[in-house]
Amino acid sequence: MTHFRIAEAARLLGVSDDTVRRWTDGGSLPVSTDASGRKVIAGADLAAFARAQAHATPDPSGVGRSARNRFVGLVTSISSDKVMSQVEMQCGPHRVVSLMSTEAVEELGLEVGSLAVSIVKASQIIVETPGGMA
Numbered sequence: 001m002t003h004f005r006i007a008e009a010a011r012l013l014g015v016s017d018d019t020v021r022r023w024t025d026g027g028s029l030p031v032s033t034d035a036s037g038r039k040v041i042a043g044a045d046l047a048a049f050a051r052a053q054a055h056a057t058p059d060p061s062g063v064g065r066s067a068r069n070r071f072v073g074l075v076t077s078i079s080s081d082k083v084m085s086q087v088e089m090q091c092g093p094h095r096v097v098s099l100m101s102t103e104a105v106e107e108l109g110l111e112v113g114s115l116a117v118s119i120v121k122a123s124q125i126i127v128e129t130p131g132g133m134a
């Protein structure tokens, strides 16, 4: 089983080492020691904890849809020419970039600072592992 040291877990969760230590000391995140006596967190425990801590920003549209990969965020940049536009959004820690017609940008009233919802529907998803190890 994969194990992560405190600093690695902190980096993956986007928090400080001290925050992870508080969680482990408080019993919120299970911790054990490795053969060298260092504190480590089992990968499965870290994944479960990360999932439990994830809070999606509520979708303000009030529209029901089948797509589950929705990212609520702010428009941070728009580059347009006569036909096409590149719209960048910051959705929590994720940067989402969309190419769409300039007409769509105008119809949606998108501008830097607009609240928007990005819906990702992909036919392929590629998963990589560090160091190319499977």
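Under the UniProt record's numbering, the very last position in the sequence shown is 134; numbers go up by exactly one each time.
Backbone N, C-alpha and C fix where the C-beta goes; we use that ideal spot for every residue, glycine too.
{"Query": "Could you check if I125 is buried or exposed, using at least 16 other CB atoms within 10 Å of its CB as the buried criterion?", "Result": "exposed"}
{"Query": "Report the CB separation of L74 from L13 in whole angstroms; it is logged as a contact under 8 Å.", "Result": "The Cβ separation is near 23 Å, so there is no contact."}
{"Query": "Tell me whether M89 is buried or exposed, calling it buried when 16 or more other Cβ atoms sit within 10 Å of its Cβ.", "Result": "buried"}
{"Query": "Ends of the alpha helix (DSSP H) at T76?", "Result": "Looking at the DSSP string, T76 is not in any alpha helix (DSSP H); the run it does join, the beta strand (DSSP E), is R70 to S80."}
{"Query": "For L46, count the other beta carbons within 10 Å of its own beta carbon; 16 or more makes it buried, fewer makes it exposed. Which is it?", "Result": "buried"}
{"Query": "Considering only the alpha carbon of each residue, which of S32, P93, I119 and M1 lies closest to L99?", "Result": "I119"}
{"Query": "Any chance the region 20 to 39 sits against the region 2 to 12, with 3 or more Cβ pairs inside 8 Å?", "Result": "yes"}
{"Query": "DSSP three-state call for T2: helix, strand or coil?", "Result": "coil"}
{"Query": "Do the CB positions of G37 and M1 come within less than 8 Å of each other?", "Result": "no"}
{"Query": "In whole angstroms, what is the alpha-carbon distance linking R95 and V112?", "Result": "14 Å"}
{"Query": "Which residues bound the beta strand (DSSP E) around V127?", "Result": "Segment: none, V127 is in no beta strand (DSSP E) and carries neither H nor E."}
{"Query": "Using only alpha-carbon positions, find the residue among V40, T76 and V117 that is nearest to G62.", "Result": "V117"}
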